[in-house]
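Each position in the sequence shown, counted from 1, maps to that position plus 60 in our numbering.
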Amino acid sequence: QVQLVESGGGLVQPGGSLRLSCAASGIGISIYNMAWYRQAPGKERELVATIASGGSTVVAESVKGRFTISRDNAENRAFLQMNSLKLEDTAVYYCHATLFRMSYWGQGTQVTVSS
61 QVQLVESGGG
71 LVQPGGSLRL
81 SCAASGIGIS
91 IYNMAWYRQA
101 PGKERELVAT
111 IASGGSTVVA
121 ESVKGRFTIS
131 RDNAENRAFL
141 QMNSLKLEDT
151 AVYYCHATLF
161 RMSYWGQGTQ
171 VTVSS
(Lines of atoms letter the chains of each structure in order from A and count residues from 1; the text may use other names and numbers.)
(Lines give C-alpha, C1' and ligand atoms only; values in the text may rest on other atoms or scores of the structure.)
Protein backbone atom coordinates (compact mmCIF):
# COMPACT_ATOMS: atom_id res chain seq x y z
CA GLN A 1 0.00 0.00 0.00
CA VAL A 2 1.39 3.35 -1.04
CA GLN A 3 1.30 6.19 1.44
CA LEU A 4 2.55 9.75 1.31
CA VAL A 5 2.48 11.44 4.69
CA GLU A 6 3.06 15.17 4.95
CA SER A 7 4.26 16.86 8.13
CA GLY A 8 5.70 20.17 9.23
CA GLY A 9 2.72 22.41 8.74
CA GLY A 10 1.47 24.79 11.38
CA LEU A 11 0.83 28.38 12.32
CA VAL A 12 3.51 30.92 11.50
CA GLN A 13 3.73 34.70 11.41
CA PRO A 14 4.29 36.58 8.16
CA GLY A 15 7.95 36.50 7.27
CA GLY A 16 8.48 33.20 9.04
CA SER A 17 9.63 29.85 7.75
CA LEU A 18 8.41 26.28 7.70
CA ARG A 19 9.82 23.08 6.29
CA LEU A 20 7.35 20.54 5.01
CA SER A 21 8.28 16.90 4.74
CA CYS A 22 6.66 14.15 2.68
CA ALA A 23 7.48 10.63 3.82
CA ALA A 24 6.74 7.90 1.29
CA SER A 25 6.11 4.23 1.94
CA GLY A 26 5.22 1.48 -0.48
CA ILE A 27 7.21 3.15 -3.28
CA GLY A 28 10.78 4.19 -3.80
CA ILE A 29 10.60 7.84 -4.72
CA SER A 30 13.95 7.88 -6.50
CA ILE A 31 12.25 7.08 -9.82
CA TYR A 32 9.21 9.29 -9.19
CA ASN A 33 8.64 12.90 -10.00
CA MET A 34 7.65 14.62 -6.77
CA ALA A 35 5.62 17.77 -6.35
CA TRP A 36 3.94 19.99 -3.82
CA TYR A 37 0.52 21.45 -4.42
CA ARG A 38 -1.61 23.70 -2.26
CA GLN A 39 -5.26 24.52 -1.94
CA ALA A 40 -6.57 27.58 -0.20
CA PRO A 41 -10.18 27.84 0.98
CA GLY A 42 -12.51 28.46 -1.94
CA LYS A 43 -9.74 28.08 -4.49
CA GLU A 44 -8.57 25.34 -6.82
CA ARG A 45 -5.56 23.23 -6.03
CA GLU A 46 -2.44 24.77 -7.54
CA LEU A 47 1.04 23.52 -8.26
CA VAL A 48 3.72 24.99 -6.01
CA ALA A 49 6.89 23.18 -7.03
CA THR A 50 8.12 20.03 -8.70
CA ILE A 51 11.32 18.04 -8.61
CA ALA A 52 11.97 15.44 -11.26
CA SER A 53 13.57 12.09 -10.58
CA GLY A 54 16.76 13.51 -12.03
CA GLY A 55 16.67 16.46 -9.67
CA SER A 56 15.58 19.33 -11.88
CA THR A 57 13.12 21.68 -10.22
CA VAL A 58 10.34 24.03 -11.24
CA VAL A 59 8.81 26.54 -8.84
CA ALA A 60 5.66 28.59 -9.30
CA GLU A 61 6.18 32.28 -9.92
CA SER A 62 4.19 33.15 -6.82
CA VAL A 63 6.73 31.44 -4.56
CA LYS A 64 9.93 31.79 -6.58
CA GLY A 65 12.83 32.95 -4.46
CA ARG A 66 11.01 32.00 -1.27
CA PHE A 67 10.26 28.25 -1.57
CA THR A 68 12.69 25.46 -2.35
CA ILE A 69 11.79 21.88 -3.19
CA SER A 70 14.24 19.07 -2.53
CA ARG A 71 14.36 15.33 -2.13
CA ASP A 72 16.33 12.75 -0.21
CA ASN A 73 16.00 9.46 -2.02
CA ALA A 74 17.88 7.58 0.68
CA GLU A 75 15.32 8.72 3.25
CA ASN A 76 12.48 8.33 0.75
CA ARG A 77 11.35 11.87 1.50
CA ALA A 78 10.62 15.08 -0.33
CA PHE A 79 10.76 18.50 1.26
CA LEU A 80 9.45 22.00 0.77
CA GLN A 81 11.39 24.75 2.48
CA MET A 82 9.20 27.83 2.77
CA ASN A 83 10.76 31.14 3.72
CA SER A 84 9.40 34.68 3.90
CA LEU A 85 5.89 33.34 4.25
CA LYS A 86 3.01 35.59 3.32
CA LEU A 87 -0.64 35.63 4.36
CA GLU A 88 -1.56 34.36 0.90
CA ASP A 89 0.52 31.23 1.41
CA THR A 90 -2.13 29.95 3.81
CA ALA A 91 -3.44 26.66 2.42
CA VAL A 92 -3.42 22.91 2.77
CA TYR A 93 -0.23 21.63 1.20
CA TYR A 94 -0.22 18.27 -0.55
CA CYS A 95 2.59 15.99 -1.64
CA HIS A 96 2.23 14.26 -5.01
CA ALA A 97 4.24 11.45 -6.58
CA THR A 98 3.95 10.50 -10.26
CA LEU A 99 5.49 7.90 -12.50
CA PHE A 100 3.95 7.37 -15.94
CA ARG A 101 0.26 6.71 -15.18
CA MET A 102 0.78 6.17 -11.48
CA SER A 103 -0.23 9.04 -9.26
CA TYR A 104 -0.29 9.24 -5.47
CA TRP A 105 -1.40 11.99 -3.11
CA GLY A 106 -0.82 12.63 0.54
CA GLN A 107 -3.56 13.71 2.91
CA GLY A 108 -2.24 17.24 3.21
CA THR A 109 -0.85 19.44 5.96
CA GLN A 110 -2.28 22.81 6.96
CA VAL A 111 -0.10 25.89 6.74
CA THR A 112 -1.55 29.03 8.27
CA VAL A 113 0.24 32.34 8.00
CA SER A 114 -1.24 34.87 10.39
CA SER A 115 -0.18 37.69 12.65
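Here a beta-carbon is modelled for each residue, glycine too, at the ideal position from N, C-alpha and C.
Asked: 6 Å CB neighbourhood of serine 130 in its chain, flanking five on each side removed; Found: Phe139
Asked: Cut-off 6 Å between Cβ atoms - residues of its own chain near asparagine 136, not counting five sequence neighbours on either side; Found: Ala84 and Ile89
Asked: Arginine 79 and glutamine 141 closer than 8 Å at C-beta; Found: yes
Asked: C-alpha gap between phenylalanine 150 and serine 175, whole angstroms; Found: According to the sequence shown, residue 150 is threonine rather than phenylalanine. Computed Cα separation, rounded: 12 Å.
Asked: Beta-bridge partners of arginine 131, as assigned by DSSP; Found: Ala138
Asked: Close-in-space but distant-in-sequence residues of the same chain around threonine 117 (CB under 6 Å, 5 per side omitted); Found: Ile111 and Ile129
Asked: Per DSSP, cross-strand counterpart(s) of glutamate 66; Found: Cys82
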